[in-house]
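These notes are about the structure you will find just below.
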Amino acid sequence: METGPRYNSRMAQPLAKKVLLIGWDAADWKIATPLMDQGLMPTLDDFVSHGVMGNLATLRPVLSPLLWNSIATGMRADKHGIHGFTEPDTQTGGIRPVSSTSRKVRALWNILTQRGYKTHVLGWFAGHPAEPVNGISVSDLYPYATQPLDKPWPLPPGAVHPESMRDTFANLRMHPAEVTEAAILPWIPRAAEIDQEKDRGLASFAKILAENLSIHNAATWILQNQPWDFMGVYYNGIDHFCHGFMHFHPPRMEGVPEDKFEIYKDVVNNAYRFHDMMLHTLVDLAGPEATVILCSDHGFHSDHLRPRGIPREPAGPAVQHRQFGIIAMRGQHLKEDERIYGATLLDIAPTVLTLFGLPVGEDMDGRVLVQAFAESPAIERIPSWEQEPGECGMHPADLRMDPAAAQAVLQQFIALGYIQKPNENQEKAVATAVREANYNVARVYLDSRRPKEALPLLEELVKGSDEARFRQHLAQCHYMLGQRAEAKAILEDLIANPPKPPEQAETTDERQETRDDGQETGDERRETSENPASAAQELNAGNGQRTTDNGQTPIVNRQSSTEDPPRPWADWLMGVIHFEEGNTEEALACLLRAEQADPRLPNLHLRIGETYLRRQQLDDAERAFRRALEIDGDSPEAHLGLAQVKLRRRQNEDAAEEALLAVGLQHFLPLGHYALGVALARLGHPHRAALAFETSVSMLPGLVNAHRWLAALESRPGGDLEKAASHRKLAADLLKRRREQMSAAVNN
Amino acid sequence: MIYIVSGLPRSGTSLAMQMVAAGGIPVLTDGLRSSDPNNPRGYYEWERIKQLAQDPGCVAEAEGKAVKIISSLLMSLPGGHAYRVLFMMRALEEVVASQTAMISNLGTRGAALPAAAMPAALRAHRNQVIAWLGTRKEIAVMQLDYHALLADPAAHAVEIARFLGLPLDTEAMAKQVDPALHRQRTAQAL
Chain X
1 METGPRYNSR
11 MAQPLAKKVL
21 LIGWDAADWK
31 IATPLMDQGL
41 MPTLDDFVSH
51 GVMGNLATLR
61 PVLSPLLWNS
71 IATGMRADKH
81 GIHGFTEPDT
91 QTGGIRPVSS
101 TSRKVRALWN
111 ILTQRGYKTH
121 VLGWFAGHPA
131 EPVNGISVSD
141 LYPYATQPLD
151 KPWPLPPGAV
161 HPESMRDTFA
171 NLRMHPAEVT
181 EAAILPWIPR
191 AAEIDQEKDR
201 GLASFAKILA
211 ENLSIHNAAT
221 WILQNQPWDF
231 MGVYYNGIDH
241 FCHGFMHFHP
251 PRMEGVPEDK
261 FEIYKDVVNN
271 AYRFHDMMLH
281 TLVDLAGPEA
291 TVILCSDHGF
301 HSDHLRPRGI
311 PREPAGPAVQ
321 HRQFGIIAMR
331 GQHLKEDERI
341 YGATLLDIAP
351 TVLTLFGLPV
361 GEDMDGRVLV
371 QAFAESPAIE
381 RIPSWEQEPG
391 ECGMHPADLR
401 MDPAAAQAVL
411 QQFIALGYIQ
421 KPNENQEKAV
431 ATAVREANYN
441 VARVYLDSRR
451 PKEALPLLEE
461 LVKGSDEARF
471 RQHLAQCHYM
481 LGQRAEAKAI
491 LEDLIANPPK
501 PPEQAETTDE
511 RQETRDDGQE
521 TGDERRETSE
531 NPASAAQELN
541 AGNGQRTTDN
551 GQTPIVNRQS
561 STEDPPRPWA
571 DWLMGVIHFE
581 EGNTEEALAC
591 LLRAEQADPR
601 LPNLHLRIGE
611 TYLRRQQLDD
621 AERAFRRALE
631 IDGDSPEAHL
641 GLAQVKLRRR
651 QNEDAAEEAL
661 LAVGLQHFLP
671 LGHYALGVAL
681 ARLGHPHRAA
691 LAFETSVSML
701 PGLVNAHRWL
711 AALESRPGGD
721 LEKAASHRKL
731 AADLLKRRRE
741 QMSAAVNN
Chain F
1001 MIYIVSGLPR
1011 SGTSLAMQMV
1021 AAGGIPVLTD
1031 GLRSSDPNNP
1041 RGYYEWERIK
1051 QLAQDPGCVA
1061 EAEGKAVKII
1071 SSLLMSLPGG
1081 HAYRVLFMMR
1091 ALEEVVASQT
1101 AMISNLGTRG
1111 AALPAAAMPA
1121 ALRAHRNQVI
1131 AWLGTRKEIA
1141 VMQLDYHALL
1151 ADPAAHAVEI
1161 ARFLGLPLDT
1171 EAMAKQVDPA
1181 LHRQRTAQAL
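Each protein sequence line maps, in turn, to chains X and F.
Read in order, the letters of the first sequence correspond to residues 1 to 748 in my numbering.
Read in order, the letters of the second sequence correspond to residues 1001 to 1190 in my numbering.
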């Protein structure tokens, strides 16, 4: 077999001997930073002070299986093929957790296997069955206890590659029943007060702890006993502890009983401290020559933005996720004690390839995080890794099958009477899995600004269901396609006929009442959580997260519902459309109506602020932007809005300060740099202003006013007249092109 | 040892079951699905095996016997047994035509796929199952071409007996093949 690379370009210099990629699902600097400041996460503190750190922007939809596979492939979900938590199972007629045979493209461990690196991967989402990599692969079904401790607890077939290591890894697992009092008390000192007949909190705690320790045991065993060049290890603990216990996290949320709050209030912080300890072991075992990358797929609301209820829709708990996860990197060729900006989770795979001196696929959607490197790395590129010949440790192509085709085959065999007809629940679960996968792909298209591709999927979804969320996204799709009339028609209908309230899950009070009554003691949940197939079924039937089923979480009400929560979404989008059409009065009416329905949405206040700004109602605009900041103090757009308000008032120092805050939070913010430039120019700092304008046009070359400012600044005595002329011409050309486009649009 | 006859539905699995039964292997069947115009000589099915995915332990009852297991259920075979699988291969266009005719007779509803796309889906499924079988050391597989079997049943009976490692009555096996009947059914299906 041909094994050599097709690319002929000079190999870039490897910048890492080994790379350890650690995934902490849902880790968020908002929680970690205060703990680091208090000295309670010393390993992470030391890690970032000797490396780089930053926010890692997530993708939409914010669903972990899609996101972790984007991290591993550098591609969005439409390309990598993992579209949800579950998929049809042709053997049972029901559903199963989404599997590695559904991934269509090579993950990092496949590419590195192909290049001959010793590669291990553990616990990654959609990792079952374990892939035949050049090393050890431990699937995501590995840690789940399927039987009580006193009964045999076999690993599911395919949980470990190579098969010869199966027994070794089976013995490294920890069963939830092995979590003793000594392990529980440091986390929950008042555990003895819990009535476990009514409150399943301890059981769910033990389950999450045991599963993560099982993965950790396997990872540390490999680092101690096997040669390695790359290891990817994924921990779901933070996400699951947060889904289970975040509503007990201080400050106490309205509706959470004080006694329960006192018992569980430290669980989330302790989860972070526990992960810090595991990080210490991993970093220590990896050794000083390893480059270590720590990342999360999204953050988790931990403050006043915590939702009080969960939408009654599949994957509803994703409403608790925050748009920024974390990234921290430490290694020999990386910067030290620096912050990086603008990273997205699509950037991890290209960056790891660059660390190994390997080319980046041009079909990857991410980019190399160049700013993390001490010196700019040489970046090689190839059209795609998918065409590179050689064994890459994926399952044989024949073993992989498109889930939709598999479902069609299953349906055919059932019709022929050769397979038992699934029961009603299974059929419903399969239909839900297929529908949610299509919905998720449509949202991926919208998130990547490909509404044309989303349109047929959304139209089909709307044909099959009158759920508001499908219609809302169809409206958004029309809006993005410039089809405002179609978008408005849907929105008007949604506004005139709002979905039935209440869409939200039970309130915290109601949840507590249910638990205290013992009506949700979790027998059914235990059953589902102990059986991967039925657990998978529950995912789509209810909460969409693998183990949020613990009886202690703000868990979704699992009654099926086709209604969405009473969201201000329709009014919000209608307001945006009116704003873009220049109808600021109608825009305001819609946006303020949306505010009345849900005043906690930060983007809503930004839109309100922008509308007031356009209407020159500067006091109102400022109030709206400040309201946005009350909700999310890290909103760069809100600071930008304030900068624009201050500029209009000629409060230039304040404007500069706000603009600096904005670009500090999000470096890639061209209008932020532009606002900073204007403020600095007015304050008499032409050189710094020019720098800010240049940054803004490097990010957004069509920013006409920035070119005009640059032309003016360079025309001053001592300036570069050639540059001035160039910017003047660019501004003129841009304006001319814009006029032509407008004229063409009018003629059309 | 468990002897399995498998393949896509309508690929000749019932014919293969008739042959191994005639050859002298006890077959595991409950007779619940009686013969009909789609399979005039019967289906040779065991209803409980349809639960294989949910209850893999049920296959233990087939120890020392022959049992028909449809292709998609093979991947649920548990470890702890040795298996010999006769896997029927038939042109997918014929399989689809025959399946469509049977679905029409049964009055059920088949896959929500355009007819033209069905062969590709079945091919992918069949390849997947065969690839999976190749990963299991305890499973030996013999692929049997349906039309080759019709053309020369005697030679195939000998090959089947050799593969299964049993002193089967190959003459009786070959007699089960009625080329006229099968050719006619193929033509009807198409």
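Virtual Cβ for every residue (Gly too), placed ideally from N, Cα, C.
>> Please state whether the Cβ-Cβ distance between X/E658 and X/H639 is less than 7 angstroms.
In response: For the purposes of this step, residue 658 of chain X is taken as the residue at position 658 of the first sequence. For the purposes of this step, residue 639 of chain X is taken as the residue at position 639 of the first sequence. Yes, these two residues count as a Cβ contact at 7 angstroms.
> Which of helix, strand or coil does DSSP assign to X/L15?
Replying inline: What you label residue 15 of chain X is simply residue 15 of the first sequence in a count that begins at 1. Three-state result, X/L15: coil.
> X/Y439 CB to nearest chain F CB: under 7 angstroms?
Replying inline: Working through the first sequence from its first residue, we reach residue 439 of chain X at position 439. No, X/Y439 does not count as interfacial toward chain F.
> With contact counted as at least three CB pairs below 8 angstroms, one residue from each stretch, are the segment 1111-1120 of chain F and the segment 714-734 of chain X in contact?
Replying inline: no
> Per DSSP, F/A1140 is paired with what?
Replying inline: Your numbering for residue 1140 of chain F matches position 140 in the second sequence. Note: F/A1140 sits in a beta bridge opposite F/R1084.
> Whose Cβ in chain F lies nearer than 7 angstroms to the Cβ of X/F413?
Replying inline: On the first sequence, position 413 is the one that residue 413 of chain X refers to. Going along chain F in sequence order, the residues near X/F413 (Cβ under 7 angstroms) are P1009, I1070 and S1072.
>> Along the chain, where does the beta strand (DSSP E) containing F/Y1146 start, and where does it finish?
In response: By 1-based counting over the second sequence, the position of residue 1146 of chain F is 146. Here F/Y1146 belongs to no beta strand (DSSP E); instead the alpha helix (DSSP H) covers Y1146 to A1151.
>> Would the segment 331-339 of chain X count as touching the segment 284-304 of chain X if we require 3 or more Cβ pairs under 8 angstroms?
In response: yes
> Given a threshold of 16 other Cβ atoms within 10 Å of its Cβ, counted over all protein chains shown, does F/R1162 qualify as buried or as exposed?
Replying inline: Here the question's residue 1162 of chain F lines up with position 162 in the second sequence. With fewer than 16 Cβ atoms within 10 Å of its Cβ, F/R1162 is classed as exposed.
>> Check for me: the alpha helix (DSSP H) holding X/H667 runs from which residue to which?
In response: By one-based count along the first sequence, residue 667 of chain X stands at place 667. No alpha helix (DSSP H) contains X/H667, which DSSP labels as neither H nor E.
> List, in order along the chain, the chain X residues whose C-beta lies closer than 8 angstroms to that of F/N1105?
Replying inline: Taking the first residue of the second sequence as position 1, residue 1105 of chain F is located at position 105. Those do not exist, as F/N1105 stays about 10 angstroms from chain X at its closest Cβ, beyond 8 angstroms.
>> Residues in the same chain with beta-carbon distance under 8 angstroms from X/Y264, minus the five sequence neighbours each way, listed in chain order, please.
In response: Start at 1 with the first residue of the first sequence, and residue 264 of chain X comes out as number 264. Result list for X/Y264: I188, G201, F245, F248 and Q552, in chain order.
> Sorted by chain position, which residues of the same chain lie with C-beta nearer than 6 angstroms to F/L1144's C-beta, five sequence neighbours on each side aside?
Replying inline: For the purposes of this step, residue 1144 of chain F is identified with residue 144 of the second sequence, where counting begins at 1. The answer, listed in chain order, is L1086 and M1088.
> Does F/G1110 come within less than 7 angstroms of chain X when only Cβ atoms are used?
Replying inline: What you label residue 1110 of chain F is simply residue 110 of the second sequence in a count that begins at 1. Answer yes: the Cβ-Cβ gap between F/G1110 and chain X drops below 7 angstroms somewhere.
> Could one say the Cβ of X/P396 lies closer than 7 angstroms to chain F's Cβ atoms, at least one of them?
Replying inline: Here residue 396 of chain X refers to the residue found at position 396 when the first sequence is read from its first residue. Cβ-Cβ to chain F under 7 angstroms: yes for X/P396.
> Under 8 angstroms Cβ-Cβ, which residues of chain F neighbour X/I760?
Replying inline: Since the first residue of chain X shown is 1 and the last is 748, residue 760 of chain X is not available in this structure.
> For X/M53, which of X/G325, X/Y612 and X/P251 has the nearest alpha-carbon?
Replying inline: Position 53 of the first sequence holds residue 53 of chain X. Nearest C-alpha to X/M53: X/G325.
>> Counting only C-beta atoms, is F/S1014 closer than 7 angstroms to chain X at any point?
In response: Indexing the second sequence from 1 puts residue 1014 of chain F at position 14. No, because no Cβ of chain X sits closer than 7 angstroms to the Cβ of F/S1014.
> Buried or exposed: X/G677, going by 16 or more other Cβ atoms within 10 Å of its Cβ?
Replying inline: Reading the first sequence from its first residue, position 677 is the one you call residue 677 of chain X. So X/G677 counts as buried.
> Between F/L1052 and F/S1076, which are expected to be in contact by the criterion C-beta below 8 angstroms, what is the C-beta distance as a whole number of angstroms?
Replying inline: Numbered from 1 along the second sequence, position 52 holds the residue referred to as residue 1052 of chain F. Numbered from 1 along the second sequence, position 76 holds the residue referred to as residue 1076 of chain F. Yes, they are in contact, since the Cβ atoms of F/L1052 and F/S1076 sit about 5 angstroms apart, within 8 angstroms.
> X/V746: buried (16+ other C-beta within 10 angstroms of its C-beta) or exposed?
Replying inline: By 1-based counting over the first sequence, the position of residue 746 of chain X is 746. So X/V746 ends up on the exposed side.
> Using the beta-carbon count (16 or more within 10 Å), is X/G648 buried or exposed?
Replying inline: Along the first sequence, read from residue 1 onward, the residue named residue 648 of chain X stands at position 648. Rather than Gly, the amino acid found at residue 648 of chain X in this sequence is Arg. It counts as exposed.
> Would a check of beta-carbon distances place F/H1147 closer than 7 angstroms to chain X?
Replying inline: In the second sequence, the residue the question calls residue 1147 of chain F occupies position 147. No - not a single Cβ of chain X is within 7 angstroms of the one on F/H1147.
> What separation, rounded to the nearest whole angstrom, lies between the Cα atoms of X/A690 and X/L710?
Replying inline: For this step, residue 690 of chain X is matched to residue 690 along the first sequence. For this step, residue 710 of chain X is matched to residue 710 along the first sequence. Going from the Cα of X/A690 to the Cα of X/L710 covers about 6 angstroms.
> Which two residues bound the contiguous beta strand (DSSP E) that contains X/R115?
Replying inline: Looking up residue 115 of chain X in the first sequence gives position 115. Looking at the DSSP string, X/R115 is not in any beta strand (DSSP E), and its letter there is neither H nor E.
> According to DSSP, is X/Y142 helix, strand or coil?
Replying inline: Along the first sequence, read from residue 1 onward, the residue named residue 142 of chain X stands at position 142. Note: X/Y142 maps to coil in three-state DSSP.
>> Determine, for F/M1089, whether the minimum Cβ-Cβ distance to residues of chain X falls below 7 angstroms.
In response: Position 89 of the second sequence, counting from 1, holds the residue named residue 1089 of chain F. With 7 angstroms as the cut-off, F/M1089 does not count as an interface residue toward chain X.
> Name the chain F residues that come within less than 8 angstroms of X/Q426, Cβ to Cβ?
Replying inline: The residue labelled residue 426 of chain X in the question sits at position 426 within the first sequence. Within chain F, no residue comes near X/Q426; the closest Cβ sits about 10 angstroms away, beyond 8 angstroms.
>> Need the endpoints of the alpha helix (DSSP H) that X/Q42 sits in, please.
In response: In the first sequence, the residue the question calls residue 42 of chain X occupies position 42. Sequence check: residue 42 of chain X is Pro here, not Gln. X/P42 -> alpha helix (DSSP H) spans P42 to S49.
>> According to DSSP, X/Y749 sits in a beta bridge with which residue or residues?
In response: In the structure displayed, chain X extends from 1 to 748; residue 749 of chain X sits before or after that span and is not available.
> What residue from X/L457, X/W221, X/M253 and X/D195 has the CA that sits closest to X/V233's CA?
Replying inline: Residue numbering aside, residue 233 of chain X sits at position 233 when the first sequence is read from its first letter. The shortest Cα separation from X/V233 among X/L457, X/W221, X/M253 and X/D195 belongs to X/W221.
>> Once DSSP output is grouped into helix, strand and coil, what is the label at X/G544?
In response: Here residue 544 of chain X corresponds to residue number 544 of the first sequence, with the count starting at 1. With a pLDDT of 33 at X/G544, under the threshold of 50, the modelled position of that residue is not reliable, and the figure given next carries that caveat. Coil, per DSSP.
>> Let's see if you can read the secondary structure: which residues bound the beta strand (DSSP E) around F/S1006?
In response: Numbered from 1 along the second sequence, position 6 holds the residue referred to as residue 1006 of chain F. Here the beta strand (DSSP E) through F/S1006 covers I1002 to G1007.
>> In the DSSP output, what is X/G361 paired with across the bridge?
In response: Sequence index remark: in the first sequence, residue 361 of chain X carries index 361 (1-based). Paired residues: X/I382.
>> I'd like to know if X/T119 contacts chain F, where contact means its C-beta is closer than 7 angstroms to some C-beta of that chain.
In response: Translated into the one-based positions of the first sequence, residue 119 of chain X becomes position 119. Output row for X/T119: interface = no.
>> Can you find the residues in the same chain that come closer than 6 angstroms, C-beta to C-beta, to X/G74, ignoring five residues on each side of it along the sequence?
In response: Your numbering for residue 74 of chain X matches position 74 in the first sequence. For X/G74, where only same-chain residues beyond five positions count, the Cβ hits under 6 angstroms are L346, A349, P350, M364 and G366.
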